[in-house]
């Protein structure tokens, strides 16, 4: 497994080797898995148990949006439910803000869920007999806050998601996208550090989905929240996530930024997934440049100083624009005042294809 | 030689034993039930009929709406006009008490059964028996233990009213959407709050159906209970039957229909109102 680069800073959530085995003989199966290294199929045959999640490890930093992408049945919904112990892990440790949630008492766990980790569901799960405002305030109501106070907080959260005019309506009167906004407002009302998003936008139509994705990312970053976002859609994961974990059959195959997944897929499965993704905004200059020496060997007559300059974070889209605009043989990538590399038309084309610039190039 | 198995040879001595040894207990239960019923009946019968009718109508109007209030007024007015006011009040007191008792027994048990499949499996045959054994049959031990009157009638009515309420409670709670339960847990709500603020509202429509079943079966049973001297409209129906007086039987019968309507509509609209009515 390749682990991608971590954002520097405080680690809010630390999932260490979490397992979930479903079935009446789960403990025995877990034991056998650890001792004899049994596979998924053997566990099913021998113990009649299903391995939902196997050996999942990852960390999420403060302010980071971490996407877990997998197709249905890959165990992603099970995994996210282990993070707030809606599903009890069979083995492994999950720490939230340094505290092992597996060791928490029921009241402590309830407090954690009420104050520090909110969840948004694919089905939205709004209470049909309550108004939008009452739904948004439900978490605070459960905590026993006085009505005026909780309504004030809920109103602020609803305003953030653009539903200020809909507070007295009932969920049944709202469109799917608006309902999910209420779900998000309800999660924000308790001002949690971590938001667990369980395929929240999957049931929405593409246009609304896009809009909500952008709004969600903007809002989360603005408020400095961390989010763990489950999706079956790689485009969504790339749009929203700072880092992405790809899951298959209960295993996290690879974790990394979108760029890392595209340029260095851990296996064919990941490669196949990322194959159809447009690289224009994902791959940056530092991944497609070749060393200056190599450029000079190829183009002895062209001086490096004469090349148009660009930064390592310029994406392919920007590079193409520069390259076409200047009709030059290359673009000099300047990092910390020095020319770190050169993007040539060839390396740019390779980047569009999703390959590294050259053996010696890249980072 | 024939083999015969008679439950009666086992049950009869048991009932006799209960009667002989626990007579004091049954006596106390009987007196308590009688006192509650008696107090309720006197409360309904003490003021003039027209006062009761108006009070009920106003209460219903405040609780639900004008339409149901008008219906309540007409139903009670009908009982009064039929010259069956005291009997109707006796029946209302009996049914009301029986339904409250049946709900108090059935709802907690039903909720438990919805969470524990084993308990439900154990309850099912008992409920089947309670519902299918002709009600006359359990009037017999009830009368043996509590003698004639309103007490055996009330107990038999409760026994008859519990199964539908219990079954539908189990169903109602099992039908609560899983995602709402998950929401309750994920939001950090304690079990008590999940029960009262999420499960009850979601289960309410089915619970109302159960309550109506319970009320209607209780009313049917109360009529039968006229046979054991429970008084009320049942006694009038029985009298009509034994004397072959079509008019009396019909009047009492229609009054029962009026009371059934009253209970059904009032309970239905009173319970459904806070749930947001048609806006869901």
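Protein chains in written order, with full-length UniProt numbering: chain A, 1 to 363; chain B, 1 to 280. Every residue, glycine too, gets a C-beta built ideally from N, C-alpha and C.
Cβ-based neighbour list, residue i, same chain, cut-off 7 Å, excluding 5 preceding and 5 following
i	result
residue 174 of chain B	114
residue 72 of chain B	56, 57, 60, 262, 266
residue 258 of chain B	75, 78, 79
residue 144 of chain B	15, 19
residue 78 of chain A	20, 52, 53, 87
residue 328 of chain A	307, 308
residue 189 of chain A	136, 137, 139, 140, 153, 154, 157
residue 217 of chain B	160, 161, 164
Which of helix, strand or coil DSSP assigns to residue i
i	result
residue 362 of chain A	Note that residue 362 of chain A scores 40 on pLDDT, short of 50, meaning its location in the model is unreliable; the coordinates nonetheless yield the value given after this. Coil, per DSSP.
residue 79 of chain B	helix
residue 335 of chain A	strand
residue 239 of chain B	helix
residue 178 of chain A	helix
residue 314 of chain A	coil
residue 114 of chain A	helix
residue 91 of chain A	strand
residue 67 of chain A	strand
residue 108 of chain A	helix
residue 187 of chain B	coil
residue 268 of chain A	helix
residue 261 of chain B	helix
residue 130 of chain B	helix
residue 49 of chain A	coil
Within-8 Å CB hit, residue i to chain A
i	result
residue 280 of chain B	Note that residue 280 of chain B scores 36 on pLDDT, short of 50, meaning its location in the model is unreliable; the coordinates nonetheless yield the value given after this. Residue 280 of chain B counts as touching chain A.
Short CB-CB distance (under 8 Å) between residue i and chain B
i	result
residue 136 of chain A	no
residue 175 of chain A	no
residue 139 of chain A	yes
residue 127 of chain A	yes
residue 123 of chain A	yes
residue 197 of chain A	no
residue 119 of chain A	yes
residue 84 of chain A	yes
residue 142 of chain A	yes
Contact set for residue i: own chain, Cβ-Cβ below 6 Å, skip 5 residues either direction
i	result
residue 234 of chain B	222, 223, 225, 226
residue 131 of chain B	163
residue 5 of chain A	Only weak support is given to the placement of residue 5 of chain A: the predicted model assigns it a pLDDT of 43, under 50, and the question is left unresolved by the model.
residue 40 of chain B	93
residue 207 of chain B	172
residue 194 of chain B	184
residue 404 of chain A	Outside the shown range of chain A (1 to 363) lies residue 404 of chain A, about which nothing can therefore be said.
Sequence-distant residues of the same chain with beta carbon closer than 8 Å to residue i, five excluded per side
i	result
residue 311 of chain A	285, 333, 334, 335
residue 322 of chain A	308, 310, 314, 331
> Are the stretch 147 to 159 of chain A and the stretch 205 to 221 of chain A in contact at 8 Å, needing three or more beta carbon pairs?
Replying inline: Flag = no, the stretch 147 to 159 of chain A and the stretch 205 to 221 of chain A do not touch.
> At a Cβ cut of 7 Å, what residues of the stretch 174 to 196 of chain B count as close to chain A, listed as they run along the chain?
Replying inline: 179, 180, 182, 183, 185, 186, 187, 188, 189, 190, 193
>> Closer than 9 Å between beta carbons: that is the criterion. Which residues of the stretch 91 to 114 of chain A meet it against chain B?
In response: For chain B, the residues of the stretch 91 to 114 of chain A that bring a beta carbon within less than 9 Å of one of its beta carbons are 106, 107, 109, 110, 111, 112, 113, 114, in chain order.
>> So if I threshold CB-CB distances at 7 Å, which residues from the stretch 210 to 236 of chain A count as touching chain B?
In response: none
>> Using a Cβ-Cβ cutoff of 7 Å, what residues of the stretch 130 to 148 of chain B are near chain A? List them in chain order.
In response: none
> Does the stretch 15 to 33 of chain A touch the stretch 49 to 63 of chain A, meaning 3 or more C-beta pairs lie closer than 8 Å?
Replying inline: yes
> What residues from the stretch 197 to 228 of chain B come within 9 Å of chain A, judged by C-beta to C-beta, listed N to C?
Replying inline: 197, 198, 201, 202, 204
>> With three or more C-beta pairs closer than 8 Å as the rule, is the stretch 226 to 246 of chain A touching the stretch 56 to 69 of chain A?
In response: yes
>> What are the residues in the stretch 145 to 174 of chain A lying within 8 Å of chain B by C-beta distance?
In response: In summary, the residues of the stretch 145 to 174 of chain A whose CB is separated from some CB of chain B by less than 8 Å are 170, 172, 173, in the order they occur in the chain.
>> Using 8 Å as the cut-off, can you tell me whether the stretch 7 to 20 of chain A makes contact with the stretch 74 to 92 of chain A, which would need three or more C-beta pairs spanning the two stretches below that distance?
In response: yes
>> Short of 7 Å Cβ to Cβ, which residues in the stretch 179 to 195 of chain A face chain B?
In response: none
>> What are the residues in the stretch 28 to 50 of chain A lying within 8 Å of chain B by C-beta distance?
In response: none
>> Under 8 Å, with one C-beta from each stretch per pair, do the stretch 267 to 283 of chain A and the stretch 90 to 97 of chain A reach the 3-pair mark?
In response: no
> So does the stretch 124 to 136 of chain A actually touch the stretch 159 to 170 of chain A, counting three or more Cβ pairs closer than 8 Å?
Replying inline: yes
> Looking at C-beta atoms only, is the number of pairs between the stretch 42 to 57 of chain B and the stretch 157 to 171 of chain B that lie closer than 8 Å three or more?
Replying inline: no
> For the 8 Å Cβ check, are there 3 or more pairs between the stretch 228 to 243 of chain B and the stretch 98 to 105 of chain B?
Replying inline: no
>> Give me the subset of the stretch 323 to 342 of chain A whose CB atoms are less than 7 Å from a CB atom of chain B, sorted by chain position.
In response: none
>> Across the stretch 138 to 154 of chain B and the stretch 172 to 192 of chain B, are there enough close Cβ pairs to call them in contact, namely three or more that are closer than 8 Å?
In response: no
>> Taking contact to mean 3 or more Cβ pairs, one atom from each stretch, closer than 8 Å, check whether the stretch 218 to 237 of chain A and the stretch 37 to 46 of chain A are in contact.
In response: No: fewer than three Cβ pairs fall under 8 Å.
>> With three or more C-beta pairs closer than 8 Å as the rule, is the stretch 224 to 231 of chain A touching the stretch 191 to 199 of chain A?
In response: At 8 Å Cβ cutoff, the stretches touch.
>> Under 8 Å: do the stretch 341 to 349 of chain A and the stretch 285 to 298 of chain A share three or more Cβ pairs, one atom per stretch?
In response: yes
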